[in-house]
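The structure under discussion appears below in the form of structure tokens.
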Amino acid sequence: MRVTFLFLLLSVVLGNAQDYPRKEVSLERLVDELFPFQEADVNYEDLYENLAQMLLQPLDLNKVTEEQLQSLLLLRPIEIKALLDYRQQNGPFLSVYELQVIPGFSRDLFLKIIPFVTVPEATGKLNQVLFKRMMEPGNHELIMRYERTLETREGFQPSEEDGQKDYVGSPNKYYVRYRSYQPGDFSVGFTAEKDPGERWQWNPSRRVFGIDYTSGHLQWQQKGVIQNLILGDFQVQFGQGIALGSSFGFGKNAESVTTVRRSNLGFLPYTSLYEAGHLRGGAVSLALQRHLTLHAFYSSRGRDGNLNNDSLQVSDVATSFTFTGLHRTASELENQNAITEKNLGAVLSWKYPSLEAGVISHHTRFNIPLFRERTPYNQFTFSGNENTNVGAYLNYSFQNITFFSEFSHSVHHGSALATGLAASPTSKLDLALHYRRFAQNYYSFFSNAFSESGTQNEHGVYWGWKYTFSRKYWISGYVDLFSFPWLRFRVYAPSEGFETLARFNYAPAKGMLIYLQYRQEKKDRNLSNESAQYQTAPATRQNIWFHTEYRISPSLTAKSRVQWSNFSFNHNLTEGLTVLQDLAFSKGKFTLSGRYALFNTDDFENRQYVFEKDVYMAFSFPAYFGVGVRQYLIVQYQITRHLEVWLRWARTEYRDRDQIGSGNELIDGNTRNDVKFQARLRL
């Protein structure tokens, strides 16, 4: 007899005594626990949005694939294999709580993964028409947000010459997001945002209709031959992200094994506020045979860019792209959607239980050519108005070992390769190896592969490990060796470097975690004095974190952290330090959380990136720089079962300056206060 039935019976009888987690999980806490980033070298806002998307659309345990489980970045190779083997041997899951009887699944792991998975009830709703399913209660979410900096920035001040302001709009920021979804069935939604300084405008020629940024999508899944169909804004993730990679790559961090490999996720709706990260048009995945699938997409959208309108030019030429998404001044408005970008791509994939392979073809074309001003380091920067990439990927799993790879070639240019493996040699040890080789003339505008600085001009070898001594102790770390065959920005010579990290974790009791983390990075950099032009010297950066989090009472939790860094270059040593204390109080429908932080850095090289808790679906990861105090307070209240509100106040006071920022962002004074109000309606 299947042991699961006994387990489920006991679950019903003893259900009230079990401390099972609620479906609502703090995204802020999840990011802070899993991805304590050191540097701002990845697009955090998109990463956060995609994590939220996975949480909002839990995976069906009876349909979930190895790639989807790997994308959660929570399971080791040995645990993924155990879950899939259990399902194959015992049949469909009857409940998410059945995860607890899988060999090797601890209760801690169960508590960590349960928010991301589900076992849907067997109903006849899929036989209803799409519109009727969309109108079902429980599928709808509406978020409205207002933000403002209380101090007046220079761009909002009338000039003395003509009384005009550089920023054309108000200092208010507005955000609206609606989504109706059913995991594995459909998703429909839109996002709209106005940044501070932007105005309401109607400019169809620049694809602006009222509010500055709008995004929307309609997704339809698992309908016979059509496995996935998206109209509107979407993102693409195939292979290892060399040719087509959306924001599911977390860079190098203390999760040194699970974050190395990219997951083959295909097409996903785009809901982020990062205005340069999406494709716009249509994407479809068609099941040609049982194991063979054709994925195809087309996109046409505007891109912000600087144009050279010199009268000597026969036609317009783009000199660069801009990625801020800000359209506050006359020049920023002139650059808005100035370039039309079209993308056409196809992926033919073959999938078997332990093997997945595919071929990729992707073509990008701009309506005007791109020619950047030549400097010593950018001789191989892309120029022209079109680029075509062709390549292939292969993933294979055997026992507790997973092999992954992708090769891509820019037609008439260079190639890129990434390959590696993740393994669990024992129940306590996890390993990851990764090799990459990117030519200086390989070009892709949608890559997000594992690398030091993008998929161009880089060779590297990475080794990551994690060893679990017991439930209380574990250690993780990595060593990454890399080289750059051609010149780089601020490095006018071929160069090499390394990065290493080690983290020791100690969890002495439930609700308590202590860790110590050390990181070192060494890279070459140009010497600044004129007599040493085109000469370089090594620059070394070190970071040490000491972090504790603990539960004071059932309603009160606390986190304490000390972050220290130093930067050594050309016989000059500078340092930085941050000390912070977080407190969170929760009682019934009311939650109050806040932070008090002190920071002291000698220079910008020692800026301290610190993740901050924010309102639901908002992201805050500022750099503490200079000498000062940072505080924030968040009040959260559940008014009804359907309506929840947040109020956030954040204040930074600098002790080493009388002005904050520069240019149009300059604030005359040493303090900055930001307020944010949000309401979330679920129906």
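Counting in our numbering, the sequence shown runs from 11 upward without gaps.
We put the beta carbon where it would ideally sit given N, CA and C, even for glycine.
Item, Value
"Report yes or no: do three or more beta-carbon pairs, one from the stretch 671-678 and one from the stretch 633-646, lie closer than 8 Å?", "no"
"List the residues that DSSP assigns as beta-bridge partners of residue 661.", "641 and 683"
"Counting only runs that start and end within the stretch 329-363, where is the beta strand (DSSP E) found for 3 or more residues in a row?", "349-362"
"Going straight from the alpha carbon of residue 273 to that of residue 680, what length do you get?", "45 Å"
"From 437, 409 and 583, pick the residue whose C-alpha is nearest to that of residue 95; which is it?", "409"
"Quick check: what's the CA-CA separation for residue 122 versus residue 278?", "24 Å"
"Kindly provide the ranges of any beta strand (DSSP E) runs that are 3 or more residues long and lie completely inside the stretch 200-282, ordered along the chain.", "211-213, 218-220, 223-233, 236-247 and 276-279"
"Can you tell me the Cα-Cα spacing of residue 430 and residue 490, whole angstroms?", "13 Å"
"Span of the beta strand (DSSP E) holding residue 88?", "It is not in any beta strand (DSSP E) - residue 88 instead sits in the alpha helix (DSSP H) that spans 87-100."
"Leaving out the 5 sequence neighbours to the left and right, which residues in its chain are closer than 6 Å to residue 415 when beta-carbon positions are compared?", "404 and 429"
"Got a sec, what are the start and stop residues for the alpha helix (DSSP H) residue 76 sits in?", "76-81"
"Comparing alpha-carbon positions, which option in 432, 254 and 587 lies nearest residue 412?", "432"
"For residue 709, report the span of its beta strand (DSSP E) as first-last.", "This structure cannot settle anything about residue 709, because the visible part of the chain is limited to 11 through 693."
"CB-CB under 8 Å to residue 326, same chain, minus the five flanking residues each way: which ones, in chain order?", "317, 318, 319 and 378"
"If you draw a straight line from the C-alpha of residue 629 to the C-alpha of residue 374, how long is it?", "31 Å"
"Is it right to say residue 557 is buried, meaning 16 or more other beta carbons lie within 10 angstroms of its own, or is it exposed?", "buried"
"Does DSSP put residue 556 in a helix, a strand or coil?", "strand"
"Let's test the definition: count the other Cβ atoms within 10 Å of the Cβ of residue 68 and tell me whether it reaches 16, buried, or not, exposed.", "buried"
"Can the beta-carbon of residue 452 be found closer than 8 Å to that of residue 471?", "no"
"Among 129, 474, 503 and 264, which residue has its Cα nearest to the Cα of residue 515?", "264"
"With DSSP collapsed to three states, give me the class of residue 285.", "coil"
"List the whole-angstrom C-beta distance separating residue 567 from residue 547, where the pair is believed to meet the contact cut-off of C-beta under 8 Å.", "About 45 Å separates the two Cβ atoms, so there is no contact after all."
"Between 615, 421 and 495, which lies nearest to residue 505 when the distance is taken from Cα to Cα?", "495"
"Checking the sheet assignment: what are the DSSP bridge partners for residue 530?", "510 and 552"
"Opposite residue 376 in the DSSP bridges: which residues?", "351"
"Can you list, in chain order, the residues of its chain whose CB lies under 6 Å from that of residue 683, leaving out five sequence neighbours each side?", "160 and 661"
"Compute the Euclidean distance between the alpha carbons of residue 422 and residue 389, then round it to the nearest angstrom.", "16 Å"
"Between the Cα of residue 588 and the Cα atoms of 634, 559, 625 and 613, which residue gives the shortest distance?", "634"
"Can you tell me whether DSSP reads residue 110 as helix, strand or coil?", "helix"
"May I ask you to report which of helix, strand or coil DSSP gives residue 562?", "strand"
"Give every residue of the same chain whose Cβ lies closer than 6 Å to the Cβ of residue 82, excluding the five residues on either side of it in the sequence, and list them in chain order.", "126"
"Under a CB-based cut-off of 8 Å, is residue 83 close to chain D?", "Looking at the structure shown, chain D is missing, and only one protein chain is on hand."
"Helix, strand or coil, according to DSSP, for residue 165 in the structure here?", "helix"
"I want to know whether the stretch 432-442 touches the stretch 452-465 - three or more CB-CB distances under 8 Å.", "no"
"According to DSSP, what are the bridge partners of residue 426?", "418 and 448"
"Under three-state DSSP, which class holds residue 117?", "helix"
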